[in-house]
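Enquirer: In this text, residue positions in the sequence shown follow my numbering: the first is 325, and each later residue adds one.
Note that the Cβ used here is the ideal one computed from N, Cα and C, for glycine as well.
Remember, predicted model here, so these are calculated numbers, not experimental data.
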Amino acid sequence: MEHIKLIDSNQNVIFSDLTHECNECFKNCSVESEIIDKCKHDSKKCRIGVKESINGTVFFCSRNKDELKSSKYFKKQIEIYGNVINGVDHISNTIKKQINTNTGILLHNLVSLNAHNIQEVHAVMPQEGFAKNARERISMAKNMIEANSIEFAKSMYRISKNNTAMKIEFSVFNRLIDDSQPLSFRRHDIQRVFMSLLHNFFQDFNTKKVYVNVDNGSFDIYVDYEAMHVVFHHILENAAKYCLRGKDIDISISPVDRSISIEMHSLEITDKDMNYIYEEGYSGDYAQLAGKNGKGIGMSRVKKLLDMNNATIEIRRNIDPASQVIKKGVSYMKNAVIIFFSSE
Numbered sequence: 325m326e327h328i329k330l331i332d333s334n335q336n337v338i339f340s341d342l343t344h345e346c347n348e349c350f351k352n353c354s355v356e357s358e359i360i361d362k363c364k365h366d367s368k369k370c371r372i373g374v375k376e377s378i379n380g381t382v383f384f385c386s387r388n389k390d391e392l393k394s395s396k397y398f399k400k401q402i403e404i405y406g407n408v409i410n411g412v413d414h415i416s417n418t419i420k421k422q423i424n425t426n427t428g429i430l431l432h433n434l435v436s437l438n439a440h441n442i443q444e445v446h447a448v449m450p451q452e453g454f455a456k457n458a459r460e461r462i463s464m465a466k467n468m469i470e471a472n473s474i475e476f477a478k479s480m481y482r483i484s485k486n487n488t489a490m491k492i493e494f495s496v497f498n499r500l501i502d503d504s505q506p507l508s509f510r511r512h513d514i515q516r517v518f519m520s521l522l523h524n525f526f527q528d529f530n531t532k533k534v535y536v537n538v539d540n541g542s543f544d545i546y547v548d549y550e551a552m553h554v555v556f557h558h559i560l561e562n563a564a565k566y567c568l569r570g571k572d573i574d575i576s577i578s579p580v581d582r583s584i585s586i587e588m589h590s591l592e593i594t595d596k597d598m599n600y601i602y603e604e605g606y607s608g609d610y611a612q613l614a615g616k617n618g619k620g621i622g623m624s625r626v627k628k629l630l631d632m633n634n635a636t637i638e639i640r641r642n643i644d645p646a647s648q649v650i651k652k653g654v655s656y657m658k659n660a661v662i663i664f665f666s667s668e
């Protein structure tokens, strides 16, 4: 049995499987090799040692008979562990960075959705002037809802959409970080999957006076249902955010090339945008000019999830140059987002 503790040159512990008793030995150990007749953990004989170098510090405890017998062999093992500290540290930092990135994406999406929910509530029930008494607060809220019931219903619709998106974000995040929860691939009718999300955006498009035309095409796709919910949610969220007010959106589903196409007047996509559109942290030039830039997470997440579902995405921009519209210095062009699905 062996126990190891690796500390990098900045005194950060990058690996340790020491027990409480082992930690006591580590604190009291100052030589590279010594025999302990009775280990505090189980009263058995062991050899312990500590070695510092420019890479960091290694503490090693072993009951291996060869290492008990030979101090030279034991010191060689410590030296080997010391040489791999930099490699272990690099791997550890890479993993931490990836975890932090994935967590950051989740938090960004959840914070954004929650902020939208708060805005919806405050829009129909302003908090200013609310009485402190709980009964009076409920009475005032009731009066506000009754006086503005249509807007309240619309807000509840949007809140429901955001809550569904939160649930899906959690589910997909858990599956992406936990190998024991693999994506669940099944056959689904693409129109049903897509329409179940499109209905959630009715209010968003209605507010911008945008009519969405969807044809009757359909075909089966072999995908993870919740992952595709996230994909379609991000695409529709972008469509509602960047589309031109008053211009229709045309959605066609083609069984021939197994694709779904969303064509619309939206913010112009520049040459620079095309180079970075799937990279995290990038927002398009006109998105920034229009004050609609975010953290550039949506399309990055879309591409990753589509890759996992054996699907691809294509952006066709400036389809009709004559259709360009300039509003407040911001250029809108006819663009299309097309997703192609495999036959498997």
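#1: What residue from 568, 514, 510, 554 has the CA that sits closest to residue 531's CA?
#2: Ends of the alpha helix (DSSP H) at residue 611?
#3: Among 344, 394, 381, which one has its Cα closest to the Cα of residue 370?
#4: May I ask you to verify whether the segment 595 to 602 touches the segment 642 to 654, counting CB pairs closer than 8 angstroms and requiring at least 3?
#5: Once you ignore the five residues that flank residue 513 on each side, which residues in its own chain have a CB closer than 7 angstroms to its CB?
#6: Tell me the start and end of each unbroken beta strand (DSSP E) in the segment 506 to 538 that is at least 3 residues and wholly inside, in chain order.
#7: Given a cut-off of 9 angstroms, decide if residue 328 and residue 385 are closer than it, judged by their beta-carbon atoms.
#8: In this structure, does DSSP put residue 620 in helix, strand or coil?
#9: So, does the segment 581 to 590 touch the segment 520 to 529, judging by three or more C-beta pairs under 8 angstroms?
#10: Are residue 662 and residue 640 closer than 9 angstroms when you measure CB to CB?
#11: Less than 9 angstroms between the C-beta atoms of residue 537 and residue 492, yes or no?
#12: Look at the alpha carbon of residue 469 and the alpha carbon of residue 476, and state the distance between them as a whole number of angstroms.
#13: Could you check the C-alpha separation between residue 403 and residue 372 for me, to the nearest Å?
#14: Quick check on the DSSP output: the alpha helix (DSSP H) that includes residue 459 runs from which residue to which?
#15: Let me know the alpha helix (DSSP H) ranges lying completely inside the segment 568 to 606, each 4 residues or longer, listed in chain order.
Expert: Based on what the coordinates show:
#1: Along the sequence shown, one-based indexing puts residue 531 at 207. For residue 531, the closest of 568, 514, 510, 554 by C-alpha to C-alpha distance is 568.
#2: Within the sequence shown, the letter at position 287 stands for residue 611. That run of the alpha helix (DSSP H) goes 609 to 613.
#3: Within the sequence shown, the letter at position 46 stands for residue 370. Ranking 344, 394, 381 by Cα distance to residue 370 puts 394 first.
#4: no
#5: Here residue 513 is taken as the residue at index 189 of the sequence shown, counted from 1. Counting only Cβ-Cβ distances below 7 angstroms, and skipping sequence neighbours, we find 542, 544.
#6: 509 to 513, 536 to 538
#7: Here residue 385 is taken as the residue at index 61 of the sequence shown, counted from 1. Here residue 328 is taken as the residue at index 4 of the sequence shown, counted from 1. Yes, the Cβ-Cβ distance between residue 385 and residue 328 is below 9 angstroms.
#8: For the purposes of this step, residue 620 is identified with residue 296 of the sequence shown, where counting begins at 1. Note that residue 620 has pLDDT 47, beneath the 50 cutoff, so the model's placement of it is unreliable and the number below is only indicative. Note: residue 620 maps to coil in three-state DSSP.
#9: no
#10: Taking the sequence shown and counting its residues from 1, one reaches residue 662 at position 338. Taking the sequence shown and counting its residues from 1, one reaches residue 640 at position 316. Closer than 9 angstroms, so yes.
#11: Residue 537 sits at position 213 when you count from the first residue of the sequence shown. Residue 492 sits at position 168 when you count from the first residue of the sequence shown. Cβ distance not < 9 angstroms, so residue 537 and residue 492 don't count as in contact.
#12: Within the sequence shown, numbered from 1, the residue matching residue 469 stands at position 145. Within the sequence shown, numbered from 1, the residue matching residue 476 stands at position 152. Looking at the two C-alpha atoms, the distance is approximately 6 angstroms.
#13: Counted from its first residue, the sequence shown places residue 403 at position 79. Counted from its first residue, the sequence shown places residue 372 at position 48. In a straight line, the C-alpha of residue 403 is about 13 angstroms away from that of residue 372.
#14: Working through the sequence shown from its first residue, we reach residue 459 at position 135. 458 to 471 is the extent of the alpha helix (DSSP H) around residue 459.
#15: Here the runs fully enclosed are 595 to 600.
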